[in-house]
Amino acid sequence: MTDTPILHVDMDAFYASVALRERPDLVDQPVVVGGGGGRGVVLAANYVARRYGVRSALPMTRVRRMCPHVVVIEPDYATFTSVSSSVMETFREVTPVVEAMSLDEAFLDVRGSTRRLGPPARIAERLRSTIHDEQGITCSVGVAASVSVAKLASRRAKPDGVIVVPPAEVTSFLHPLDVGELYGVGEKTQALLHRFGLLTVGDVAHTPLRTLQRAVGDHLGRELQHLAWGTDRSELTPRAGPHEPERSMGADETFTRDTDDREVIVRELLRLSARVAGRMRSADVAGRTVTLKVRFADFTTITRSRTLPEATDVTVEIHRAVTRLYDALGLQRARLRLVGVRVEGLVPRATVHRQLVLGESEHGWADADRAVDRATRRFGTAAVRPASLV
DNA sequence: TCTGGGGTCCTAGGACCC
DNA sequence: TCTGGGGTCCTAGGACCC
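The opening residue of the first sequence carries number 219 in the numbering used here; numbering runs sequentially from there.
Right, dumping it as C-alpha cells:
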C-alpha cells in the first residue's frame, strides 16, 4: 500500500517536443507550434523560446516582437493524436485506472500496481524512461495523495523531473504558493482574492469558509478550501479519451479580417453547422439546444441560444436555427471577428424519435446528410460541399 | 497585426408546475 | 386575498482548463 497513489503525468511542451522530433536541427533554437498566419496564438513553446518570455496562448504577433528569430511550426494534429495514444497505452500498462485530461496529460491511480512495480516514485521513473525511449519526448510527474496536489507537483517538477509530496509535507508544499496556482483559479479569481488580501494558498486555508464564499461564491469557496488543504478528491474516473461522451459539440472560426457582410457570415455559419453536424453524426448523437456565438471586432462576445422541440443532427436544421438567431440580433454595421455554432444537450441518436408535425412532410435533409457523409468517407472532405460553399 | 479553438461547469433570473 | 417554498427548464454570461 502507498499513501501517495495518485500520479499526474504531463508531457513537457508536448506539441513543440513532438514537432522537434522531425527537426532535431532546431532543438537549440526558440520554437513555437501554432498558427503562423495572421491571428494565431502559441499552442506550445519549447524551453528555449520560454527564456524569451514566450508562453502558450500568446498572440503570434507579440511572439515575433519578443523573439524575432523564433521558428514557427504549424500544428500537425494527426501526429499529436497518435503520439498521445501511444503514451496513454504506456500508462495503461502500469494501471487500468487512467483519467486522461487532454492529449498530453493524465492522472494515474497506482494503488493496485505497487506490489508488482514498486513504490510510486519508481513507477514514475519507469514511465518517464519508457516514454522517452519509445516517443523521444520527456515528461514530468507529480506524485501525491490527491489529484490537485499531484498536479501542482508535476508543474513544480518541470521540465523532465519527478516530485513526490508525502501527506506530511502537503501543507508546507501548498501554503507558500500563490493562490493563482490553484486549479480553478484563473486571472479574474486571482485578482479578486488578492484584493481581499488573500495572496497565498495558506491565506486561503486560514480564511473562514463563509468569508471565502462571500468573496467567490458558495461552490468555488468550498472548492478552494479543499484545494488549500490538499483534501480534494483522490478517486479517479477512468476515461479513455479526454471527453467521453461529450455534452456539447461546437465549432467556431475567427475571420482573417473582421466582416459585416451578412452573406459571408451566413456562409460561414453553414460551414460550421456542417462541421458540427458531421461530427455529431459520426458520434451517433443528436442535440436540442443550438447556440450562436458572435465576437465583435472589440472582442466582446455574446451568445444566443434556442432549444428546438426535437433533437437534431441535420446540417440544414442547425444552420437554419443559427441563422435565425443571427438575424434576430438585428446587427447593422457591426463588424464581426468570429462566429461559432454549438449544439448542447446531446443524447444518443438512437433515443431520438422524431415526431412529424401533422401536415409537415419529411424534407429528406437527414438522408441528404448521410449521403454526404458516405461521399466524404470515400472521397475526402473537399469532395462534397453544400452548393453555397462551392 | 494584440488576443485560437475545443470544451466544462457555475450563477442567476424568469417561467412554470406542484 | 396573500404568501411560500422547491424543482426543472430555458437563456445569457462568465470563468476556467488544455
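Just so it is clear, CB atoms sit at the ideal spot from N, CA and C, and this is done for glycine as well.
Taking residue i as the reference, give the member of the options with the closest Cα.
{"i": "Gly330", "options": "Ser606, Val540, Pro338", "result": "Pro338"}
{"i": "Ala275", "options": "Val289, Asp322, Val250", "result": "Val250"}
{"i": "Gly256", "options": "Leu370, Tyr401, Val245, Arg282", "result": "Arg282"}
{"i": "Ile349", "options": "Phe298, Thr455, Thr308, Val236", "result": "Thr308"}
{"i": "Gly435", "options": "Arg334, Leu410, Glu292", "result": "Leu410"}
{"i": "Thr519", "options": "Arg555, Pro242, Pro384, Arg475", "result": "Arg555"}
{"i": "Ser491", "options": "Asp587, Ala386, Ser304, Thr356", "result": "Asp587"}
{"i": "Val312", "options": "Thr299, Asp294, Arg333, Leu416", "result": "Arg333"}
{"i": "Arg268", "options": "Thr299, Asp230, Gly254", "result": "Asp230"}
{"i": "Gly420", "options": "Leu395, Lys406, Leu430, Arg413", "result": "Leu395"}
{"i": "Ala446", "options": "Phe517, Gly398, Arg542, Val236", "result": "Gly398"}
{"i": "Leu564", "options": "Val512, Thr507, Gln550", "result": "Thr507"}
{"i": "Glu314", "options": "Leu488, Thr455, Arg480", "result": "Reading off the sequence, residue 314 comes out as Pro, not Glu. Of Leu488, Thr455, Arg480, the residue nearest in Cα terms is Thr455."}
{"i": "Ile536", "options": "Ser500, Ala584, Arg551", "result": "Ala584"}
{"i": "Arg239", "options": "Lys369, Ile291, Cys285, Asp221", "result": "Ile291"}
{"i": "Ala375", "options": "Ala296, Asp228, Arg280, Val494", "result": "Asp228"}
{"i": "Leu625", "options": "Asp450, Thr407, Ser452", "result": "Because the chain in this structure spans residues 219 to 608, residue 625 falls outside the shown range and cannot be described."}
{"i": "Tyr544", "options": "Val482, Leu417, Leu321", "result": "Val482"}
{"i": "Thr474", "options": "Gly415, Leu400, Glu486", "result": "Glu486"}
{"i": "Ala371", "options": "Phe517, Thr356, Leu400", "result": "Leu400"}
{"i": "Gly496", "options": "Arg603, Arg451, Gly582", "result": "Arg603"}
Quick check: what's the CA-CA separation for residue i versus residue j?
{"i": "Val484", "j": "Gln247", "result": "43 Å"}
{"i": "Gly258", "j": "Arg428", "result": "42 Å"}
{"i": "Asp531", "j": "Arg572", "result": "12 Å"}
{"i": "Gly633", "j": "Phe597", "result": "The structure shown has nothing for residue 633, since the chain only spans 219 to 608."}
{"i": "Arg432", "j": "Thr389", "result": "24 Å"}
{"i": "Pro289", "j": "Ala342", "result": "Residue 289 is actually Val in this sequence, not Pro. Each residue's Cα considered, the two are about 32 Å apart."}
{"i": "His461", "j": "Val316", "result": "With a pLDDT of 48 at His461, under the threshold of 50, the modelled position of that residue is not reliable, and no figure is offered here."}
{"i": "Gln353", "j": "Val301", "result": "7 Å"}
{"i": "Gly404", "j": "Gly505", "result": "31 Å"}
{"i": "Val570", "j": "Leu526", "result": "13 Å"}
{"i": "Phe514", "j": "Arg553", "result": "6 Å"}
{"i": "Pro384", "j": "His393", "result": "15 Å"}
{"i": "Pro566", "j": "Phe232", "result": "33 Å"}
{"i": "Ala568", "j": "Met498", "result": "13 Å"}
{"i": "Gly271", "j": "Asp502", "result": "44 Å"}
{"i": "Asn264", "j": "Leu442", "result": "31 Å"}
{"i": "His287", "j": "His412", "result": "37 Å"}
{"i": "Ile381", "j": "Asp221", "result": "14 Å"}
{"i": "Leu225", "j": "Thr299", "result": "22 Å"}
{"i": "Arg592", "j": "Leu549", "result": "38 Å"}
{"i": "Ala589", "j": "Leu488", "result": "17 Å"}
{"i": "Arg457", "j": "Arg480", "result": "42 Å"}
{"i": "Met284", "j": "Leu326", "result": "38 Å"}
{"i": "Ser304", "j": "Thr425", "result": "44 Å"}
{"i": "Gly468", "j": "Tyr295", "result": "18 Å"}
{"i": "Leu417", "j": "Lys369", "result": "20 Å"}
{"i": "Val422", "j": "Ala386", "result": "19 Å"}
Which partner residues of residue i appear in the DSSP bridge assignment?
{"i": "Leu556", "result": "Thr472, Arg513"}
{"i": "Val508", "result": "Arg524, Val561"}
{"i": "Arg457", "result": "Glu317"}
{"i": "Ser466", "result": "Glu562"}
{"i": "Met229", "result": "Cys357"}
{"i": "Val503", "result": "Pro566"}
Could you tell me the boundaries of the alpha helix (DSSP H) in which residue i lies?
{"i": "Pro223", "result": "Segment: none, Pro223 is in no alpha helix (DSSP H) and carries neither H nor E."}
{"i": "Ser491", "result": "480-500"}
{"i": "Asp378", "result": "No alpha helix (DSSP H) holds Asp378; DSSP gives it neither H nor E."}
{"i": "Val289", "result": "Run containing Val289: none in the alpha helix (DSSP H); it sits in the beta strand (DSSP E), 289-291."}
{"i": "Asp327", "result": "Counting along the chain, Asp327 falls outside any alpha helix (DSSP H), though it belongs to the beta strand (DSSP E) covering 323-327."}
{"i": "Ser331", "result": "From DSSP, Ser331 is part of no alpha helix (DSSP H); its letter is neither H nor E."}
{"i": "Ala586", "result": "583-597"}
{"i": "Leu430", "result": "427-434"}
{"i": "Val281", "result": "278-284"}
{"i": "Leu411", "result": "405-413"}
{"i": "Gly420", "result": "419-423"}
{"i": "Val249", "result": "No alpha helix (DSSP H) contains Val249, which is instead part of the beta strand (DSSP E) from 249-252."}
{"i": "Arg310", "result": "295-312"}
{"i": "Ala546", "result": "533-547"}
{"i": "Ser390", "result": "388-392"}
For residue i and residue j, which I take to be in contact (beta-carbon distance under 8 Å), what is that distance rounded to the nearest angstrom?
{"i": "Ser364", "j": "Gly448", "result": "6 Å"}
{"i": "Val328", "j": "Pro223", "result": "6 Å"}
{"i": "Thr509", "j": "Ser523", "result": "4 Å"}
{"i": "Gly253", "j": "Met278", "result": "7 Å"}
{"i": "Glu562", "j": "Ser500", "result": "No, Glu562 and Ser500 are not in contact; Cβ-Cβ is about 18 Å, not under 8 Å."}
{"i": "Val512", "j": "Val559", "result": "The Cβ separation is near 11 Å, so there is no contact."}
{"i": "Ser347", "j": "Gly379", "result": "Not quite, the Cβ-Cβ distance comes to about 13 Å (not below 8 Å), so this is no contact."}
{"i": "Thr297", "j": "Val236", "result": "6 Å"}
What span of residues does the beta strand (DSSP E) with residue i cover, start to end?
{"i": "Pro362", "result": "It should be noted that the sequence gives Ala, not Pro, for residue 362. Per DSSP, Ala362 belongs to the beta strand (DSSP E) from 357-362."}
{"i": "Leu616", "result": "With the chain represented from 219 up to 608, any question about residue 616 goes unanswered, as that position is not in the structure."}
Closer than 7 Å to a non-hydrogen atom of the ligand GTP - does that hold for the CB of residue i?
{"i": "Pro426", "result": "In the structure shown, the ligand GTP is absent, as is every other ligand, since no ligand is present at all."}
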